[in-house]
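Undergrad: Mind looking over this structure? Questions follow.
Number of protein chains: 2
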Amino acid sequence: MTREEVAMICKAMSDTNRLRIIEMLTQGEKCGCNLLEELKVTQPTLSHHMKVLSDCNLVSSYKDGKWQHYSINCETFKEYKDYIAGITCCETKKGALL
Amino acid sequence: MTREEVAMICKAMSDTNRLRIIEMLTQGEKCGCNLLEELKVTQPTLSHHMKVLSDCNLVSSYKDGKWQHYSINCETFKEYKDYIAGITCCETKKGALL
DNA sequence: TCTACACATAGATGTCAATCTATTTGATGG
DNA sequence: CCATCAAATAGATTGACATCTATGTGTAGA
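This is the structure:
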C-alpha cells in the first residue's frame, strides 16, 4: 500500500460521520437507508460519504433490488492496519527489530 | 479516545507530506531543519504541518537552543492503533469475540 | 401505468486547508 | 552589537470539502 493510498484512506476516515458509518458497518453489512436512520444528514450527503469511503476501497457494496448494501472491505482495512502498525516510536528507538 | 480525536488524527495523517514526516520520525527524533532537507516544501509550510501534527498530540517536541526537536508521541499513537484495531470486519461477523 | 421508495447526480455555498512570500522572534557566534 | 540560522506568525491565494436543495434514475408493488 502506497503512502498516497494511506493518505487517501486517512482522509476518508477524517470525518466523524464517516467514522460513525465505519463503526456501524463493524456490526455487519447495512444498506444506505439503515445508515441514514442513525445519521443526522440528508440522503445526498450520505451518498457522498459512501462514495468517499468506496473510492478508497474501504467499503464494498452491491445492489440488491432497491437497496445498496455496504460492508467494510477487510482486505484494504488489513493493509491499512499493517501500515499503521509499522509506525514505531520511542519503545523501539534503540535498534529494535520492529 | 473519542471519535472526534480519531477524526482529528486521521485528518492530520491525510497528507502525504505529513505521513512522510511521521515515517521519518519513526527512525527517531529529528529537528525541523532535518525534516526540511528531505521535504520539498518551504520552512513555513513545514512549520504548519508540524503544528497540525502537534495539535492532535501525534507528535511531541521540545526546544533546544535554536532547534525544535520532534518525535512521535507513542501514547497517542498507541490509542490510535487500538481504535483502528477495534474496527473489525467480515472475518469476525459471526459472533467472534473481537 | 402510476406511485412510492432507495439512491445517485448536479449545482450552489460557506468553510477549511495547503502553500507561498514577507516578516518577526529568538538563540548562537564572531 | 551585528550577522546568521531555526522557527513561528501574518496575510494572501488557490483549491478542496461538507452540506444543502432540486432533480434524475431505477425498482417494486398496487
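If you're matching them up, the sequences are chains A and B in order. Taking my numbering, the leading residue of the first sequence gets 13, the next gets one more, and so forth. Taking my numbering, the leading residue of the second sequence gets 13, the next gets one more, and so forth. Built from N, CA and C at the ideal position, the CB exists for glycine as well. Treat the numbers as computed from the prediction; the structure is a model and nothing was measured.
Taking Cβ-Cβ distances shorter than 8 Å, what residues in chain B pair up with Leu-31(A)?
TA: The residue labelled residue 31(A) in the question sits at position 19 within the first sequence. Within 8 Å Cβ-Cβ: Arg-15, Val-18, Ala-19 and Cys-22.
Undergrad: Which parts of the stretch 22-62 of chain A are runs of the alpha helix (DSSP H), unbroken and 4 residues or longer, counting only runs that do not cross its ends?
TA: 28-38 and 44-50
Undergrad: Please report the distance separating the alpha-carbon of Thr-104(B) from that of Gly-40(A).
TA: Taking the first residue of the second sequence as position 1, residue 104(B) is located at position 92. Taking the first residue of the first sequence as position 1, residue 40(A) is located at position 28. With a pLDDT of 43 at Thr-104(B), under the threshold of 50, the modelled position of that residue is not reliable, and no figure is offered here.
Undergrad: Would you call Asn-46(A) buried or exposed, if buried means 16 or more other Cβ atoms sit within 10 Å of its Cβ?
TA: To locate residue 46(A), count along the first sequence from 1; it is residue 34. So Asn-46(A) ends up on the exposed side.
Undergrad: Expressed to the nearest angstrom, what Euclidean distance is found between the alpha-carbon atoms of Gln-80(A) and Gly-44(A)?
TA: In the first sequence, counting from the first residue as 1, residue 80(A) sits at position 68. In the first sequence, counting from the first residue as 1, residue 44(A) sits at position 32. If you take the alpha carbons of Gln-80(A) and Gly-44(A), they lie about 6 Å apart.
Undergrad: Does Val-53(B) pass the burial test, meaning 16 or more other C-beta atoms within 10 Å, or should it be called exposed?
TA: Stepping through the second sequence from its first residue, residue 53(B) is reached at position 41. Label assigned to Val-53(B): exposed.
Undergrad: Check whether chain B comes within 8 Å of Glu-86(A), counting only Cβ atoms and requiring the distance to be less than that.
TA: As a first step, residue 86(A) is located in the first sequence; it is residue number 74 there, counting from the start. Note that residue 86(A) is Cys in the sequence shown here, rather than Glu. When Cβ-Cβ separations below 8 Å define contact, Cys-86(A) makes contact with chain B.
Undergrad: Within its chain, find whatever has a CB closer than 6 Å to the CB of Leu-109(B); leave out the 5 residues flanking it on each side and keep chain order.
TA: Indexing the second sequence from 1 puts residue 109(B) at position 97. The predicted position of Leu-109(B) is uncertain, since its pLDDT is 39 and thus under 50; a value taken from the coordinates is nonetheless stated next. Result list for Leu-109(B): empty, nothing under 6 Å.
Undergrad: Kindly indicate the opening and closing residues of the beta strand (DSSP E) around Lys-75(A).
TA: In the first sequence, residue 75(A) corresponds to position 63, counting from 1. 71-76 is the extent of the beta strand (DSSP E) around Lys-75(A).
Undergrad: Considering only C-alpha positions, which residue in the set Val-64(B), Arg-30(B) and Glu-87(B) is nearest to Leu-51(B)?
TA: As a working note, residue 51(B) is residue 39 in the second sequence. Ranking the options by Cα distance to Leu-51(B), first place goes to Arg-30(B).
Undergrad: Can you find a CB in chain B that lies within less than 8 Å of the CB of Lys-42(A)?
TA: Translated into positions along the first sequence, residue 42(A) becomes position 30. Judged by the 8 Å Cβ criterion, Lys-42(A) is not in contact with chain B.
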